[in-house]
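Below: one structure, written as structure tokens.
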Amino acid sequence: MPESNKAVLDFLATRRSRPAKTLTTPVPDEAQLRQLLTIAARAPDHKKLEPWRFIVLEKAALERLAMLVSDRALALGIAPEKAEKMVRQFADADLVVTVVGAPRPDDAVPEMEQVLSVGAVCQNLLAAALAAGWGANWLTGWAAFDRPFVDAGLKLKPHEFVAAFLHIGTETIAPPERPRPNIEAITEWVRS
1 MPESNKAVLD
11 FLATRRSRPA
21 KTLTTPVPDE
31 AQLRQLLTIA
41 ARAPDHKKLE
51 PWRFIVLEKA
61 ALERLAMLVS
71 DRALALGIAP
81 EKAEKMVRQF
91 ADADLVVTVV
101 GAPRPDDAVP
111 EMEQVLSVGA
121 VCQNLLAAAL
131 AAGWGANWLT
141 GWAAFDRPFV
151 DAGLKLKPHE
161 FVAAFLHIGT
171 ETIAPPERPR
181 PNIEAITEWV
191 RS
């Protein structure tokens, strides 16, 4: 029987994201954030393609993006309440790590497998931040998929995409519990 790591299993079994709007300063310093990014990058990655990268957004950059997203919302005719929610996601944040998907052409590793690796990086970063005692939340929202916004605001290459705006900071309230999936309803056992 393999030896289990009960502390890690307990952490994963009770992991909860912290609402981004409840996070505040302090945020991880550069050395702490480098450690979290190093852990995040230990994701499954067939052929070591590294189909992802990080853009660390600090306060001034977040304020710039809030203004840009406000302009984009106006240009797109997005409802004011939906636009304001996206603006606040940037304006009220103190630190956001943008996880950028950057699939690479490779005959042996389909793009979908690389996209799944990007998702694993996002989950690793979220779990690492929470395990380190920070509050964290993985968000996207309409701006993540608005090409003019990501091109102007983040200078992404044409083949790249935003996988996550991962907010990290100090939590101010205990996160609410939410219903979890019914494993029996989503699991099929194939025994022969």
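Position 112 (the sequence shown) corresponds to 112 in the UniProt record's numbering; numbering is contiguous. Glycine included, C-beta positions come from ideal geometry on N, C-alpha and C.
Lysine 21 and cysteine 122 have their C-alpha atoms some 19 Å from each other. CA-CA distance, valine 115 to threonine 25, rounds to 32 Å. DSSP, reduced to helix, strand and coil, places isoleucine 78 outside both helices and strands of the structure shown, so it counts as coil. Boundaries of the beta strand (DSSP E) harbouring glycine 169: 161-171, taken from the DSSP string. The C-alpha of valine 87 is placed about 21 Å away from the C-alpha of threonine 172.
Looking at the DSSP output, tryptophan 52 sits in a beta bridge with Gly101. For asparagine 124, the enclosing alpha helix (DSSP H) covers residues 111-131. The shortest CA-to-CA distance from proline 158 to any of Pro103, Pro175, Ala132 and Trp138 is the one to Pro103. Of the candidates Ala91, Arg16, Glu50 and Val96, the residue whose Cα lies closest to the Cα of glycine 119 is Glu50. By the neighbour-count criterion, in which a residue is buried when 16 or more other Cβ atoms sit within 10 angstroms of its Cβ, phenylalanine 145 is exposed. The Cβ atoms of arginine 15 and leucine 130 lie closer than 7 Å to each other.
The C-beta separation of tryptophan 52 from valine 99 comes to about 6 Å, placing the pair in contact by the 8 Å criterion. No Cβ-Cβ contact shorter than 7 Å links alanine 174 with asparagine 124.
Taking a contact as a CB-CB distance under 8 Å, the pair valine 69 and phenylalanine 149 counts as one, their CB atoms being some 6 Å apart. Pairing asparagine 137 with leucine 36, the inter-Cα distance amounts to about 14 Å. Straight across, the Cα-Cα distance linking leucine 62 with arginine 191 is about 51 Å. Look at leucine 156 here: in three-state DSSP terms it is coil, with no helix or strand label.
In the three-state scheme derived from DSSP, where H, G and I count as helix and E and B as strand, threonine 38 is classed as helix.
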